[in-house]
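Student: In this note's numbering, the protein residues as written are 152 to 296.
#1: If I'm right that residue 280 touches residue 224 with Cβ under 8 Å, what's the distance once you round it to whole angstroms?
#2: DSSP beta-bridge partners for residue 199?
#3: Apart from the five residues just before and just after residue 270, which ones in its own chain have a Cβ nearer than 6 Å to its Cβ?
#4: Per DSSP, what kind of secondary structure is residue 189 in: helix, strand or coil?
#5: Buried or exposed for residue 276, going by 16 or more other Cβ atoms inside 10 Å?
#6: Kindly list the residues whose CB is nearer than 6 Å to the CB of residue 176, restricted to its own chain and excluding five residues on each side of it in sequence; keep chain order.
#7: Buried or exposed for residue 190, going by 16 or more other Cβ atoms inside 10 Å?
#8: Out of 203, 192, 233, point me to the one whose CA is closest to residue 226's CA.
#9: Between residue 289 and the rest of its own chain, which residues show a CB-CB distance below 8 Å, the 5 nearest in sequence each way excluded?
#10: Pull up the CB-CB distance for residue 267 and residue 238, whole angstroms please, since I reckon it's below 8 Å.
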């Protein structure tokens, strides 16, 4: 009888421990503050010297900044900032059954843990137009931190 009681308590402990295993929760939140069309790949593939301003606007959308250079020619600028925040959280419950000659009981505890990370990317695209409104030059800069 004592052996079956020990076997029963081991089975109950294993069942409680396995049912209390932690389940991790992961969540990623992406915040994009600019138009999705503006990317390094789009600029490299689509923008060409000699394009019209209408063609550039169709591909990249409206610029964030429009200004002129020293010779009064238009300069369009797109500034894109992307920020990604991700975090994970896990919690678990551990329970046990203690059987002894003088006393028995159930014990337990819980544990919580988590982690977070974030990254930011920037992209600046500059398109310079000539007097006729055609692309004369373009450049881009990207950073990630």
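For glycine and all other residues, C-beta sits at the position ideal for the given N, C-alpha and C.
Tutor: The structure says:
#1: 6 Å
#2: Paired residue(s): none; residue 199 is not in a bridge.
#3: 235
#4: Shown here, residue 189 sits in coil according to DSSP, grouped into three states, outside any helix or strand.
#5: buried
#6: Confidence at residue 176 is low in this model, with a pLDDT of 47, below 50, so the placement of that residue is unreliable and no value is reported for it.
#7: Classification of residue 190: buried, given that the 10 Å Cβ count is 16 or more.
#8: 203
#9: Cβ within range, chain order: 194, 198, 200, 276, 277, 278, 279.
#10: 4 Å
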